[in-house]
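S.K.: Have a look at this one.
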Amino acid sequence: GLRGLTHRAVDEAAGLPQGSTSNHARTRAALLETALRRLADLEARMFSPRDAHPAPDPTTPDGLHASAGLLADALHRSMTEGRQLLLARFELALEATRRPELRRAYDDLGRGFRDSLEAVLRAAGSPDSGRHARSLVSWFEGVLFHFTAGSSSARPPDREELRTGAAEVLRGMLRQDVRDGQDGPGSPDGPTA
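Residue numbers (the numbering used here): 11 to 203.
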């Protein structure tokens, strides 16, 4: 937990002479903010796609499937490879409810992620990209919490379950009836009743 995050503990873990961390982050508040910023950098790498392909177009059936796959991969990596980072972020999020200076930093860092997501949703044709970005972040965070620290932490979902959930959320936001290649009402090749 956060009680173990001290200047001395950071010095020891990093193999630095005692007092080194205090030179960089003089107060407990500064130490927490430094930890939060480092965590945000590490999580940004965790959420980045592993390959450099262009972003898919979620307005097409294949693009929606690919976009949902990217979200699922990021969620799965976070819950598996990045589980300790995620738990640390949850600890810092709770601490931010008690420390206004940490709250500001936490919100600023989260805003960058949300703004990027809003731009993607706007480009994909979202009729309300700001609200949809907040909703998608809420869904994403809820899934992460539920399967990492919540009542389903003993059985995290596989990528396919996450991809299906992400596709359902995106489909609803983008008002599409894309059924992963299946014809259906409102799909380009399906009945329009």
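Don't be surprised by glycine CBs; every beta carbon is placed ideally from N, CA and C.
Just so you know, these numbers come straight off a predicted model, no measurement behind them.
In whole angstroms, what is the alpha-carbon distance linking P27 and H34?
M.R.: P27 and H34: Cα-Cα distance of roughly 13 Å.
S.K.: Could you tell me the alpha carbon to alpha carbon distance between T107 and D125, rounded to whole angstroms?
M.R.: Cα-Cα distance, rounded: 22 Å.
S.K.: Out of S77, F155, S163, G122, state which residue places its alpha-carbon closest to the alpha-carbon of R174.
M.R.: Position check: residue 174 holds Thr in this sequence, whereas Arg was assumed. The option with the nearest alpha carbon to T174 is S77.
S.K.: When DSSP labels each residue in this structure, what does Q192 get in the three-state scheme?
M.R.: Only weak support is given to the placement of Q192: the predicted model assigns it a pLDDT of 41, under 50, and the question is left unresolved by the model.
S.K.: Please report the residue range of the alpha helix (DSSP H) in which L49 lies.
M.R.: Unbroken alpha helix (DSSP H) run through L49: 38 to 57.
S.K.: What first and last residue would you give for the alpha helix (DSSP H) that runs through A82?
M.R.: 71 to 89 is the span of the alpha helix (DSSP H), which, as asked, contains A82.
S.K.: Do S136 and M183 have their CB atoms nearer than 7 Å?
M.R.: Yes. Within cutoff.
S.K.: Tell me which residues share the same chain as S32 and place their Cβ nearer than 7 Å to its Cβ, disregarding the 5 neighbours each side in the sequence.
M.R.: Result list for S32: H17, in chain order.
S.K.: With H, G and I counted as helix, E and B as strand and the rest as coil, what does DSSP make of Q28?
M.R.: Three-state result, Q28: coil.
S.K.: Please classify S30 as buried or exposed, where buried requires at least 16 neighbouring CB atoms within 10 angstroms.
M.R.: Classification for S30: exposed.
S.K.: What distance in whole Å lies between the Cβ atoms of L96 and A176, which are believed to be in contact at a cut-off of 8 Å?
M.R.: Their Cβ separation, rounded to whole angstroms, is 17 Å, which puts A176 and L96 out of contact at 8 Å.
S.K.: If M89 sits next to F155, beta carbons under 8 Å apart, how far is it from one beta carbon to the other, in whole angstroms?
M.R.: That pair is no contact at about 10 Å.
S.K.: Between the alpha carbons of G122 and A129, how many angstroms are there, rounded?
M.R.: Cα to Cα, the separation comes out at about 11 Å.
S.K.: Which residue marks the beginning of the alpha helix (DSSP H) containing L184, and which one marks its end?
M.R.: Looking at the DSSP string, L184 is not in any alpha helix (DSSP H), and its letter there is neither H nor E.
S.K.: Flag this pair as yes or no: are the beta carbons of A98 and L41 separated by less than 7 Å?
M.R.: Taking 7 Å as the Cβ cut-off, A98 and L41 do not qualify as a contacting pair.
S.K.: Under the rule that 16 or more other beta-carbon atoms within 10 Å means buried, what is P71, buried or exposed?
M.R.: The residue is buried, with at least 16 neighbouring Cβ atoms inside 10 Å.
S.K.: Compute the Euclidean distance between the alpha carbons of A134 and G14, then round it to the nearest angstrom.
M.R.: Between A134 and G14, the C-alpha separation is close to 44 Å.
S.K.: May I have the straight-line CA-CA distance separating H142 from G11, to the nearest angstrom?
M.R.: Distance between the alpha carbons of H142 and G11 is about 33 Å.
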